[in-house]
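Numbering (our numbering), first residue to last: 4 to 114.
No residue lacks a Cβ here, since even glycine has one placed at the ideal position from N, Cα and C.
Keep in mind it's a predicted model, so treat the numbers as computed, not measured.
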Amino acid sequence: QQLIEELPNLIHWYGQNLQSGHMTTTIPIGLENRHWGRIVPELYTRVSGVPKTSLATASFRPRKGERRVLMEMLKSAEWVDTPGFGHYGSTTHEAWLRQQAAYKFAISPVG
């Protein structure tokens, strides 16, 4: 990251998996596809301060073989919550985002 901020022509850098600095801003991994029509940037801002009170969640859709196997393994792990795919138990998209924001890690395999 220090190398990024030393670039002479850099005004600002947006990226994933980096620490915010005076010239960098992190972009959350896994922002939802616009296709679903639920992307409201203000929602992400409102949930950004949610305390991280839980370790890990796995709320991906197990639609392929290796994803199914992984989900079954994770269901038996005490350190990860497996609430199911989508907004299960949440009344609104914002409520679901708040729930997800409370986790330190989100397990999301390829596919």
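Item	Value
Under 8 Å between C-beta atoms, does VAL53 make it to chain B?	Given the protein chain composition of this structure (a single chain), no chain B is represented.
Could you round the C-beta distance between VAL50 and ALA104 to whole angstroms and report it? I think they count as a contact, below 8 Å.	4 Å
What's the C-alpha gap between ALA109 and THR28?	20 Å
Which partner residues does ALA109 have in the DSSP bridge list?	THR60
If you run the structure through DSSP and keep just helix, strand and coil, what is THR85?	coil
Is TRP82 buried or exposed, if buried means 16 or more other CB atoms sit within 10 Å of its CB?	exposed
Count the other CB atoms, across all protein chains shown, that sit within 10 Å of the CB of LEU77; report buried if there are 16 or more and exposed otherwise.	buried
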